[in-house]
Amino acid sequence: MSGHGTPIPMSSHASKGLKGQADVPGDKSISHRSLILGAMCVGETTITGLLEGEDVLDTAKAMRAMGADITRDEDGTWHVYGVGVGGFAEPDQVIDCGNSGTGVRLIMGAMATSPIAATFTGDASLNKRPMARVTDPLALFGAQTVGRSGGRLPMTVIGAQDPIPVRYEVPVPSAQVKSAVLLAGLNAPGQTIVTEREATRDHSERMLAGFGAEISTEVTNECRIITLTGRPELKPQSIAVPRDPSSAAFPVCAALITEGSDVLVPNIGLNPTRAGLFTTLREMGADLTYENEREEGGEPVADLRARFSPDMKGIEVPPDRAASMIDEYPVLSVVAAFAEGQTMMRGVKELRVKESDRIDAMATGLRACGVTVEEGEDWWSVEGRGIGGVQGGATCASHLDHRIAMSFMVLGLATTKPVTVDDGSPIATSFPIFEDLMGSLGADIRRD
């Protein structure tokens with residue numbers, strides 16, 4: 001599938017007994033960062049388990065355009081020969097980041113303190129997304145930007161000639177903003193300090209330390225203070241990318257709502273800043289267990305076993321959990337539709353500025369399928385109808401958003417009538433094997 005080409009309508013039909021092992025792709029967040037940090041080393045970084053979706057492949061193309069030598073073996077091992085901190089070359093062409101907000105924001109941060117200019121664009125969805133939340137702090141380092149009105153792509157970033165370190169408090173919970181500032185701080189002298197009032201995923205901090213950066217985190221009752229010392233010599237690494245918890249969410253949630261299901265999803269990263277969905281599902285009464293818990297590369301990992309769970313109840317999701325599951329609310333809303341009672345989700349305004357307005361997209365589609373959904377700017381609620389209680393039968397808009405498309409495909413597995421999405425092509429940006437994997441478990445998902 002292509003997230004940039006001809007629309008691909010898809011439909012999902014009632015299924016029973018999803019069974020087997022779901023080998024989901026590598027973690028997207030870690031895959032992006034592996035390529036970028038590998039490109040900022042001198043020497044060879046090897047990566048296994050890289051997510052080969054379009055978002056990550058676009059990041060690899062961007063790193064090549066900025067001077068890194070990146071190759072892939074037939075067995076799927078990637079080799080990144082980096083240019084060192086501050087060693088990026090000015091790209092000859094526009095950098096197309098496709099659908100990836102993570103990719104473009106992290107790459108902007110990584111090059112913002114190098115004396116080069118780069119122009120960034122993306123697909124129709126990405127070009128609507130706000131970039132000022134990243135470009136504003138990058139300006140503090142001395143970078144300049146010229147883009148469309150509203151701080152949107154296409155945009156040219158002119159890196160700082162003489163960068164200075166910054167002290168920055170992230171105004172909204174965003175790992176992308178935090179990470180962009182930290183990556184910019186790598187080529188600024190002295191200490192760059194980032195404060196966040198609400199913890200977000202900490203892959204950047206863990207991986208920067210693993211690559212040899214001098215970085216520390218102080219946790220107080222009110223905030224997290226991250227201090228990075230600039231101009232390190234990053235050391236190449238051998239990285240085994242754990243499998244993506246955001247991708248695991250789809251076979252897990254499908255198994256919970258589909259009668260007779262028992263699905264094992266192995267080797268899933270359970271970093272506490274990413275695992276909020278699984279905690280929430282268990283609180284709802286899901287039969288979801290962690291097996292073979294262990295640690296790999298500094299990250300907690302386990303095999304997840306999900307079984308059909310007909311007695312789930314709606315709950316109020318704690319607002320402070322939002323950052324650890326922000327990408328999983330769409331598919332959580334699907335599970336909530338099959339629980340008993342109301343599921344309330346607060347502190348989720350970030351969903352309004354993702355690849356789409358995810359609250360509006362899911363609310364519109366769920367309502368069309370017979371589910372009661374209420375919403376506000378920073379909250380939404382789903383009134384569950386129990387197993388067998390959701391009619392379906394609607395065609396839902398994906399809005400060029402991979403998670404919206406996959407969430408509605410999960411929904412249709414347990415509705416009384418099929419559910420269709422107008423365009424499933426964006427799924428390729430993060431989960432290129434979604435159709436084949438779900439089909440191998442017994443899901444009836446078709447291209448129309």
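The UniProt record's numbering applies: residue 1 is where the sequence shown begins, and numbers increase by one.
Backbone N, C-alpha and C define an ideal beta-carbon position, used for all residues, glycine too.
Considering Cα atoms alone, identify which of the options is closest to residue i.
i: residue 272; options: 89, 284, 150, 323; result: 323
i: residue 391; options: 411, 402, 314; result: 411
i: residue 316; options: 294, 342, 332, 263; result: 342
i: residue 74; options: 86, 48, 81, 67; result: 48
i: residue 122; options: 198, 132, 97, 114; result: 97
i: residue 164; options: 170, 180, 158, 191; result: 191
i: residue 61; options: 45, 85, 42, 104; result: 104
i: residue 67; options: 82, 358, 76, 77; result: 82
i: residue 150; options: 132, 140, 233; result: 132
i: residue 326; options: 176, 50, 38; result: 176
i: residue 386; options: 374, 416, 358, 375; result: 416
i: residue 359; options: 382, 106, 27; result: 382
i: residue 239; options: 76, 418, 421, 420; result: 76
i: residue 106; options: 374, 276, 39; result: 39
i: residue 419; options: 221, 397, 260; result: 397
i: residue 351; options: 374, 373, 378; result: 378
i: residue 137; options: 119, 51, 178; result: 178
i: residue 189; options: 222, 141, 373; result: 141
Is it true that the CB of residue j sits closer than 7 Å to the CB of residue i?
i: residue 380; j: residue 345; result: yes
i: residue 173; j: residue 200; result: yes
i: residue 117; j: residue 143; result: no
i: residue 194; j: residue 168; result: yes
i: residue 254; j: residue 18; result: yes
i: residue 125; j: residue 413; result: no
i: residue 256; j: residue 333; result: no
i: residue 180; j: residue 84; result: no
i: residue 347; j: residue 330; result: no
i: residue 80; j: residue 248; result: no
i: residue 274; j: residue 300; result: no
i: residue 182; j: residue 228; result: yes
i: residue 156; j: residue 166; result: no
i: residue 278; j: residue 406; result: no
i: residue 404; j: residue 363; result: no
i: residue 430; j: residue 401; result: no
i: residue 139; j: residue 437; result: no
i: residue 376; j: residue 339; result: no
i: residue 203; j: residue 30; result: yes
i: residue 461; j: residue 205; result: The question about residue 461 has no answer here: the residues shown for the chain are numbered 1 through 448.
i: residue 269; j: residue 27; result: yes
Establish whether the CB of residue i and some CB of chain C are separated by less than 7 Å.
i: residue 138; result: Looking for chain C here will not work: only one protein chain is present.
Between residue i and the rest of its own chain, which residues show a CB-CB distance below 6 Å, the 5 nearest in sequence each way excluded?
i: residue 64; result: 70
i: residue 129; result: 101
i: residue 236; result: 41, 43, 44, 45
i: residue 6; result: none
i: residue 283; result: 315
i: residue 89; result: 66, 67
i: residue 218; result: 225
i: residue 287; result: 307, 309
i: residue 198; result: 173, 323
i: residue 281; result: 288
i: residue 10; result: 421, 424, 447
Please return the same chain residues whose Cβ sits closer than 7 Å to the Cβ of residue i, not counting the five positions on each side in sequence.
i: residue 2; result: Bear in mind that the predicted position of residue 2 carries a pLDDT of just 39, short of 50, making it too unreliable to give a figure here.
i: residue 435; result: 445
i: residue 258; result: 15, 16, 18, 308, 413, 414
i: residue 285; result: 309, 311, 312, 313
i: residue 72; result: 78
i: residue 291; result: 302, 303, 305
i: residue 395; result: 420, 422
i: residue 433; result: 25
i: residue 234; result: 37, 40, 41, 85, 211, 212, 213
Closer than 8 Å by C-beta to residue i: which residues in its own chain qualify, once you throw out the five before and the five after it? Chain order, please.
i: residue 115; result: 159, 160, 161
i: residue 8; result: 1, 423, 424, 425, 447
i: residue 187; result: 85, 86, 113, 114, 163, 230, 231
i: residue 20; result: 263, 264, 440, 441, 442
i: residue 295; result: 301
i: residue 353; result: 129, 130
Mind checking whether the beta-carbon of residue i lies closer than 6 Å to any heavy atom of the ligand FMN?
i: residue 207; result: This structure simply doesn't include the ligand FMN, nor any ligand for that matter.
Does the segment 53-61 come within contact of the segment 21-37, defined as at least 3 CB pairs closer than 8 Å? Per the Cβ contact rule, the segment 53-61 is in contact with the segment 21-37 (3 or more Cβ pairs under 8 Å).
Considering only residues of the segment 49-79, which uninterrupted alpha helix (DSSP H) runs meet the minimum length of 4 residues and lie entirely inside it, listed in chain order? Listed in chain order, they are 54-65.
Those runs of the alpha helix (DSSP H) which lie wholly inside the segment 210-276 and span at least 4 residues: Counting whole runs of 4 or more residues, the segment 210-276 contains the alpha helix (DSSP H) stretches 245-257.
Taking only runs that begin and end inside the segment 358-418, name each unbroken beta strand (DSSP E) of 3 or more residues, in chain order. Annotation: the segment 358-418 contains the following complete segments of the beta strand (DSSP E) (minimum length 3 residues), in chain order: 372-375, 379-385.
Contained beta strand (DSSP E) runs [length at least 3] in the segment 84-156, N- to C-terminal order: Positions of the beta strand (DSSP E) runs, each at least 3 residues long and wholly inside the segment 84-156, are given as 117-121, 144-148 in order along the chain.
State whether the segment 257-264 contacts the segment 298-314, with contact taken as three or more CB pairs (one from each stretch) at a distance under 8 Å. The segment 257-264 makes contact with the segment 298-314, as at least three CB pairs between them are under 8 Å.
Below 8 Å, can you find three or more Cβ-Cβ pairs linking the segment 361-375 to the segment 206-223? No, the segment 361-375 does not touch the segment 206-223.
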